[in-house]
Each structure stands twice: as structure tokens, then as C-alpha cells.
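Read the structure below first, then the notes.
Given below as C-alpha cells:
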């Protein structure tokens, strides 16, 4: 390598998800050869975001303000609360559905072996919120994984304890998929949960 | 999106090669959730590299010093000069071969339609260097594309004009490949250039 700084830059790029040595090299060369302005903007945005983006005090999603725009909005339905594992999940639900309620971002899932319990997921905060009586329905949108399901059961119990109706996203065959390629677990579940056609 | 800053960060990540909206989102979330320290290091490395990395005055490769370490080294063979299109090409040759000569990085290839001529590739500088009589062999390692071949022919002529022997990387069937999957052009070339077995 001709430049120790360049070596350091390549190493630094490897912090990004899915970026190995080769891709990091490509990124460093690309920025230096063709995108110095863009690279400067990226460096600034990165430094400023890390400095200023924290978590919303109400929903725990990323926010640079005390309360995020969604939680502060007067046009959202406060009777519905949707619990998701991560900010990315919140984003896809917001983009794909017409949901107008509020969110609660767990920032993880129950995983006792990794030391992630109710406290780490902010469930005390969620319980306090459910206790106010404002929320009617807790939509549980954790991932359909073993840990996500365990978290879902825990949340459902928490909701019931506060007289809130828990609901869960439907499981089944994805739209536009072919049965042949759907995994057995999903197919078996979809078969068992079949509904009468109108 | 809950945070305009986050939106800006995602947009900034898209400057990287092969990074679209989805990957940029994943990178931004990953850095904010799990890698704030690494992200800070990346921002610093990026800003500093863009600020300080320029081109070596001798070989045109990236360098933060006037002359890069390779060109400044006393242990390299000054009689061999290898011309490559990009710093990445220089790097793979350095890593894959035992080459101990020097390099000349064109930072592109002849492409009149894009306004890239001999001047943009620093060929005057290369000519001056070949004229000193120090270089015995110019190893032309431009890519085996149409433009790379055109550049190779131009460089070979330049070398001959200064009494320097031009050479070109061998073309043929890649090691470990299967003939069935080699493209026709390569196979036809390899067949025509077959050599007698010892």
C-alpha cells in the first residue's frame, strides 16, 4: 500500500455491515478517485449524526430531538401502539402500511443468554405507558423468530395485565411467492390457519 | 423518517459504490445502533484522507507524501516500469506477483469520446521518464478491454520511440477455470497462442 492513511481508511470502512477487505478497498478508491465532495459530505453527516442522534424519550426510536416527530405529531392515533424490534422495522411498517398509530421501539428482543431482559428493552417504560389507559391495542410486530416470538408472548401478557388488547401480525404465505419455494414451517402454519373464502 | 439528520446520513452513504437506498439505511442504522466508535473513526479517516491524500509526483498513485513509498524505495528495480490503469490494479499486481520494479498509474485509459487523451493520463510525464534511459522494459498492464488494448498499443509505440522494450500481460485461459465456462474470445486467443509443452 502506498499510503498509511489510505490503509487506515480501508480499515475504517470495514466497520460497515457486509463490507470486507475487497469492498472497503473499492469504496476508498472510489471516494478518492471520483467522489471527494460526496466523501466529505459523508464524513460530516456521519460525525454530526453520531454526535447528535439519540433516542426519542417516548418511543425509543432514533431522534435528534427529545421527542421524535411521530410521537410529537397531533395527527397520530394514540389508541394504537405498535411494538417493533428495531428502527428499521418501524420504517418498513411506516412505508408499507397505512398505519396511523404510534410506535414503541424495543431496540432488541428478549435474549437472556445475551443479557437482554425486560429492562434493556425499556419494558418498564412501556408498562407505564400502557397503565395510563390511553392505549387500546398493542400491535406486536416483533420478528417471527424464536426470540421474537418469546418477546411477543411476554409483551402480550404485559398488555393483558394492563387491560390492553394485544395483536400480532398475521403469519402465512407471502404475496407473490410460489408455494414450492415457501419454507415448511410457514406453509404448515398457513395451511392450519386457512380462512374461509367469502 | 423520525430524524432529518438520519435521512441526510442515509443519503450520504449512497455515494459509496454499490450502495443503494436499502444498504445505505442498513449502514446508517448499524453505525448508530452498534458502531458509534467505529463510525467516528470512519468519519475522521474519511475527512483526513480526502484532505491529505494526493498523487505521487513520480507514479501518480495515491500518496500523502510528495513521492510515494514505492517510488522512494532504494530496493526497487528502476529498470522495470509497469503501467496500470488504476491504483487498485497496482495493488493487485503488487499483492499477487513478486514484481520488484516501479509503477506508473495512468488513472484512466484512452477514451477520446470521454475527453480522456494522452494529457489526462500523464503520458508526457511518462515519456520524459522513458527518455532518461533508465527504464529498460515497460510492462503494460492495462485491462484487456477495447479501450485498455488501445491504450496498450499507444504505450507500446511510446516505449519503442524511446528505445524501451514494451511487454504485455499474457492473455489466455484463467488458472483453475473450466474450458466450458471460458468466453469464446479468450478461448480462441488461448488456442491460437498455444505453446509447446516442455
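Chains as they are written, first to last, in our numbering: chain A, 51 to 248; chain B, 51 to 248. Just so it is clear, CB atoms sit at the ideal spot from N, CA and C, and this is done for glycine as well.
(request) Report the residue from 58/A, 107/A and 135/A whose alpha carbon sits nearest the alpha carbon of residue 91/B. (result) 58/A
(message) Less than 7 Å between C-beta atoms, sequence neighbours within five positions excluded: which residues of the same chain meet that for residue 75/A?
(response) 60
(request) Give the C-beta separation of residue 176/B and residue 141/B to the nearest angstrom, bearing in mind that I take them to be a contact with Cβ-Cβ under 8 Å. (result) With 8 Å as the limit, residue 176/B and residue 141/B do not qualify as a contact, their Cβ atoms being about 20 Å apart.
(request) Indicate whether residue 120/A and residue 153/A have their beta-carbon atoms separated by less than 8 Å. (result) yes
(request) Please name the residues in the region 79-93 of chain A whose beta-carbon is closer than 8 Å to at least one beta-carbon of chain B, in chain order. (result) 79, 80, 81, 82, 83, 85, 86, 88, 89, 90, 91, 92 and 93
(request) Name, in chain order, the residues that DSSP records as bridge partners for residue 336/A. (result) What is shown of chain A runs 51 to 248, which leaves residue 336/A out entirely.
(message) Please list, in chain order, the residues of the region 65-79 of chain A that have any C-beta partner in chain B closer than 8 Å.
(response) 65, 66, 67, 68, 73, 75, 76, 77, 78 and 79
(message) Can you give me the C-alpha to C-alpha distance between residue 217/A and residue 187/A, rounded to a whole angstrom?
(response) 7 Å
(request) With DSSP collapsed to three states, give me the class of residue 218/A. (result) strand
(request) Run down chain A in chain order and give the residues with a C-beta less than 7 Å from the C-beta of residue 112/B. (result) 52, 53, 56 and 82
(message) Quick check on the DSSP output: the beta strand (DSSP E) that includes residue 166/A runs from which residue to which?
(response) Where residue 166/A is concerned, there is no enclosing beta strand (DSSP E), given that its DSSP letter is neither H nor E.
(message) For residue 214/A and residue 157/A, I'd like the C-alpha separation in whole angstroms.
(response) 22 Å
(request) Measure the alpha-carbon distance for residue 2/B versus residue 115/B and round it to whole angstroms. (result) Outside the displayed range of chain B (51 to 248) lies residue 2/B, so it cannot be described from this structure.
(message) Would residue 59/A pass as an interface residue toward chain B - the criterion being a Cβ-Cβ separation below 8 Å?
(response) yes
(message) Does residue 156/B come out as helix, strand or coil in the three-state DSSP assignment?
(response) coil
(request) Say whether chain A places a C-beta atom closer than 8 Å to the C-beta of residue 161/B. (result) no
(request) Mind checking which residues open and close the beta strand (DSSP E) that includes residue 188/B? (result) 187-190
(message) List, in chain order, every chain B residue whose beta-carbon is nearer than 7 Å to that of residue 103/A.
(response) 53, 55, 56 and 82
(request) Can you pull the chain B residues whose beta carbon is under 8 Å from the beta carbon of residue 100/A, in chain order? (result) 81, 82, 86, 89, 90 and 93
(request) Taking residue 77/A as part of the alpha helix (DSSP H), name the residues at either end of that continuous run. (result) 71-84
(request) Output, in chain order, the set of chain A residues within a Cβ distance shorter than 9 Å of residue 63/B. (result) 66, 92, 95 and 96
(request) With DSSP collapsed to three states, give me the class of residue 232/B. (result) coil
(message) Considering only the alpha carbon of each residue, which of 65/A, 143/A and 81/A lies closest to residue 64/B?
(response) 81/A
(request) Using the Cα positions of residue 93/A and residue 108/A, report the straight-line distance between them to the nearest angstrom. (result) 30 Å
(message) Closest to residue 202/B by C-alpha separation, out of 128/B, 160/B, 118/B and 66/B, would be which residue?
(response) 160/B
(request) Return the Cβ separation of residue 100/A and residue 89/B in integer angstroms, given the expectation that the two are a contact with Cβ distance under 8 Å. (result) 5 Å
(request) Take the Cβ of residue 79/A as the centre, count every other Cβ of all protein chains shown within 10 Å, and call the residue buried at 16 or more, exposed below. (result) buried
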